[in-house]
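A short worksheet on the structure shown next.
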Amino acid sequence: MLDIFVLIKQVPKVHDPEVDRKTGTIVREGIENIINPDDWYALELGISLKKKYGGNVTVVTMGPAQAESALREAIAMGADDGILICDNIFAYSDTLQTALVLKEVFDKIENYDLIITGTETSDSSTGQVPYQLSEALDIPLITDIFTMEIEDKCFKCQRNFGHESQNIEVDLPILIRVGRHFNEPRLISLLGIKESYYKDVKLFDFNALNCPEYIDGCNKSPTKVVKTEKFVIKRKNEFIEGNVNEKIQRLIEIMQEHRIEKIWTGVKK
Amino acid sequence: MSNTDEYKDIWVFTEIKDHVKVHDCALEILGKGRDLADNLGQKLVAIVLALDAEQYLPTIEEHGVDKIIYLSHIDLKHYHERIFTKLVYDLVLKHKPSIFLLPSTEAGNALAARIAFRCRTGLVSNVLDLELNSSEFGANLLLGNKPAFQGNIRAKILCPDTRPQMCTISGGTFKKKKLKKENIEIEKIDYDFDPSEIKIKIIGAPTRKDKPSATLSDAKFVLGGGHGLAIKENFQKLYKLAKYTDGQVGGTRRPILDGWMPEHLQIGISGETIFSELYLAFGISGAIQHVVGITESKTIIAINKDPTAPIFKVADYCIVADAAEVLEVLLKYYKV
Chain A
1 MLDIFVLIKQ VPKVHDPEVD RKTGTIVREG IENIINPDDW YALELGISLK KKYGGNVTVV
61 TMGPAQAESA LREAIAMGAD DGILICDNIF AYSDTLQTAL VLKEVFDKIE NYDLIITGTE
121 TSDSSTGQVP YQLSEALDIP LITDIFTMEI EDKCFKCQRN FGHESQNIEV DLPILIRVGR
181 HFNEPRLISL LGIKESYYKD VKLFDFNALN CPEYIDGCNK SPTKVVKTEK FVIKRKNEFI
241 EGNVNEKIQR LIEIMQEHRI EKIWTGVKK
Chain B
1001 MSNTDEYKDI WVFTEIKDHV KVHDCALEIL GKGRDLADNL GQKLVAIVLA LDAEQYLPTI
1061 EEHGVDKIIY LSHIDLKHYH ERIFTKLVYD LVLKHKPSIF LLPSTEAGNA LAARIAFRCR
1121 TGLVSNVLDL ELNSSEFGAN LLLGNKPAFQ GNIRAKILCP DTRPQMCTIS GGTFKKKKLK
1181 KENIEIEKID YDFDPSEIKI KIIGAPTRKD KPSATLSDAK FVLGGGHGLA IKENFQKLYK
1241 LAKYTDGQVG GTRRPILDGW MPEHLQIGIS GETIFSELYL AFGISGAIQH VVGITESKTI
1301 IAINKDPTAP IFKVADYCIV ADAAEVLEVL LKYYKV
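Protein sequence lines correspond, in order, to chains A and B.
In terms of the working numbering, the first sequence opens at residue 1 and continues consecutively.
In terms of the working numbering, the second sequence opens at residue 1001 and continues consecutively.
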């Protein structure tokens, strides 16, 4: 029986975000919130490990009250219950503050075997939280796994690391970070959606966690975002005119200007 | 950590790649570090942890450093999270650097996040530019310019009250600087690590087979293919042309899903960023997920049938034509 926890984040669904000219922040009004795309792979792993080894999958998120909908969606997919970490004082947490809060949560939970995360979030794109939570809880983080099995409380896997492919063994509890190509997230069933409304979602706020005084997302996060700008790409955009042959002739000239030469391929390089 | 005045000097984690050479990205960061050190009137310090570390010092000395701090030990042959984190954190505690820059690599990203946590300081990952900034937050603070929202947004971030100010930087972002200072200070630190701290048991570690020998991020000439090449046979011509021209093939997500191209050749948000002199985009529509991976390329030429394809907005030269047809003619031209 495994106590599995999957960390997810609710992010704005934006392809082309706009910056508010007055505040310099991303416009979030009228934008739909979704589960961070990478996190579906983490959920899939959690649910499939539960099916194989038995146990319980708890999905965990930190965010405003509306993030409960992300938890319900994950429960509809197959998680058993949820934890919403929500308090005004947690707002604007950077990765350090987030890891410190998550540590308080897992210290409170006490019994955990596996904590699974995605690779990075689509909004802030730092990828730092898995490493920092590994430091905070002093448990190993295993990345880039391609096969795994669990015997008793020993986790055995193969993973890519640097230029090696390592066979490793490690005692639980551990953190696992999964990539986008690791598995194929299952679809949510109608029954799952219906049942998700009856499952338990616990609220953890500042008081419930007995947080130390250094936890304060807005004031104690070491990083400050001083400006956000929309990224604009400036290029020449010169359309090459003429018929196909003339266009290709010009293309070859440009390639030659960039010293793209014919090379002799008869000899192995 | 507080009392920011106690902290000085610019540190660069000078990573050794696959225990054979100094990582190019680290040498590039030293180039930028030199500018920062000159502007601040502080020292540029390279941090080296490796097996037989002495062999790498001459190369590092030629890239503008004032000082090298190194450890040399068999256990430092590969990056190990427990060992490197502990040893580097000990160094930070002892020497108190003001700025600590690391390559955005598997090891660099991991080490940076862990050290930042232990120091309770901020980390700006994958910056595209660094500058010294004076504002209401303080004078001469390191300002990192970081992509967010899948490359659509640039956020300028600083770390006013805690030290070190930490950033990770991708390969190709800065330029190496060939410069040898006089009287470079070299400090060897004794290896001090308790092996009982290690929790992960490594049973075996063969060299992985899926790693390409040439990587996209190092390539000077990249040929990209997308769905517009229509069939697998056309895509295979891209590999041929790459062979004839000493180029490297990459592409969008689509050819991977179609089974035309392996995963590791994906360019863009979930793949590689390229820093080539020239990028040729064959039949690529130009979705933002791909575009963010090519904008660091010096010259971009796009070939697409559709004159309204978004790829043309980010290209230097735009060729409205059938990509497969153009590829065919180029292949004939470049064939020896």
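Cβ coordinates follow ideal geometry from the N, Cα and C atoms, glycine included.
Task: Nearest residue (CA-CA) to A/G54, options A/D3, A/I193, A/S165 and A/G127 - done: For A/G54, the nearest C-alpha among the options comes from A/D3.
- [ ] Look up A/A99 in the DSSP assignment and give the residues it is bridged to.
- [x] Looking at the DSSP assignment, A/A99 forms no beta bridge with any residue, so it has no partner.
Task: Interface positions of the segment 183-194 of chain A facing chain B (Cβ-Cβ less than 8 Å), listed along the chain - done: Per Cβ criterion, the list is empty.
TODO: Taking B/T1308 as the query, report the chain A residues whose CB atoms sit under 7 Å from its CB, ordered along the chain.
DONE: Chain A residues near B/T1308: none, gap ~12 Å exceeds 7 Å.
- [ ] Return the residue from the list B/F1137, B/K1146 and B/S1134 that minimises the CA-CA distance to A/T228.
- [x] B/K1146
Task: Every unbroken beta strand (DSSP E) inside the segment 72-153 of chain A [3 residues or more] - done: 81-85, 114-117, 141-143 and 145-151
Open item on the list: Does chain A have any CB closer than 9 Å to the CB of B/R1254?
Closed with: no
TODO: For my contact list, A/L100 and A/I215 are in at a C-beta cut-off of 8 Å; report their separation, rounded to the angstrom.
DONE: 6 Å
TODO: Flag this pair as yes or no: are the beta carbons of A/T61 and A/L71 separated by less than 9 Å?
DONE: yes
TODO: Following the continuous beta strand (DSSP E) through B/Y1070, name the residue where it begins and the one where it ends.
DONE: Segment K1067 to S1072, the beta strand (DSSP E) holding B/Y1070.
TODO: Under 9 Å between beta-carbons, which chain B residues line up against A/G127? List them in chain order, please.
DONE: N1109, A1113, S1125 and N1126
- [ ] With 7 Å as the limit, tell me which residues of the segment 232-250 of chain A have their beta carbon closer than that to any beta carbon of chain E; keep them in chain order.
- [x] In the displayed structure, chain E is absent; the protein chains listed are A and B.
- [ ] Flag A/T147 as yes if its beta-carbon sits less than 9 Å from any beta-carbon of chain B, otherwise no.
- [x] no
Task: CB contact below 9 Å: B/F1013 versus chain A - done: no
Task: B/P1206 versus A/Q166 - alpha carbon distance - done: 7 Å
TODO: May I ask which residues mark the beginning and end of the beta strand (DSSP E) holding A/Q10?
DONE: Q10 to P12
- [ ] Tell me where the alpha helix (DSSP H) around B/R1082 begins and ends.
- [x] E1081 to H1095
Task: Burial state of A/Y112, where buried means 16 or more other Cβ atoms lie within 10 Å - done: buried
Task: Buried or exposed by the 16-neighbour rule on C-beta atoms within 10 Å, applied to B/A1155 - done: buried
Task: C-beta neighbour in chain A for B/S1135, strict 9 Å - done: yes
- [ ] Rank A/E73, A/G78 and A/D39 by C-alpha distance to the C-alpha of A/V57 and give the top, closest one.
- [x] A/G78
- [ ] Determine which residues of the segment 207-236 of chain A have a Cβ less than 7 Å from any Cβ of chain B, and write them out in chain order.
- [x] P222, T223, K224, V225, V226, K227, T228, E229, K230, F231, I233, R235 and K236
- [ ] Quick one: measure Cβ to Cβ for A/D20 and A/V27, integer angstroms, because I've assumed they're closer than 8 Å.
- [x] So it is a contact: roughly 5 Å between Cβ atoms.
Task: A/D80 to A/F5 span [Cα, whole Å] - done: Inter-residue distance for A/D80 and A/F5 is about 10 Å (C-alpha atoms, whole angstroms).
Open item on the list: Under 8 Å, with one C-beta from each stretch per pair, do the segment 1004-1017 of chain B and the segment 247-254 of chain A reach the 3-pair mark?
Closed with: no
Open item on the list: Just verifying my parser: in three-state terms, what is the DSSP assignment at A/K156?
Closed with: strand
Task: Anticipated Cβ contact below 8 Å, B/L1179 with B/R1034, distance rounded - done: 7 Å
Task: Cβ pair B/L1226, B/G1283 closer than 9 Å - done: Note on residue identity: the sequence assigns Gly, not Leu, to residue 1226 of chain B. Yes, these two residues count as a Cβ contact at 9 Å.
- [ ] Throw me the rounded Cβ distance for the A/L133 and A/L102 pair, which I believe falls under 8 Å.
- [x] 5 Å
Open item on the list: For a cutoff of 9 Å on Cβ pairs, would you count B/F1084 as touching chain A?
Closed with: Contact of B/F1084 with chain A is not assigned, every C-beta pair being separated by 9 Å or more.
Task: Endpoints, the beta strand (DSSP E) within which A/M272 is located - done: There is simply no residue 272 of chain A to check, as chain A begins at 1 and stops at 269 in what is shown.
Task: DSSP three-state assignment for B/F1117, whether helix, strand or coil - done: Looking at B/F1117 - three-state DSSP - the assignment turns out to be helix.
Task: Per DSSP, the bridge partner or partners of B/G1138 - done: B/S1135
TODO: Compile a chain-ordered list of the residues in the segment 73-96 of chain A whose CB is closer than 8 Å to at least one CB of chain B.
DONE: From the segment 73-96 of chain A, only D94, T95 and L96 have a Cβ closer than 8 Å to chain B.
Open item on the list: Just to check my reading of the structure: B/K1237 and B/S1276 have Cβ atoms closer than 8 Å, yes? What is that Cβ distance to the nearest angstrom?
Closed with: Not a contact, Cβ separation roughly 19 Å.
Open item on the list: At a CB distance below 7 Å, what residues from the segment 128-142 of chain A approach chain B? Give them in sequence order.
Closed with: Q128, Y131, Q132, E135, A136 and P140
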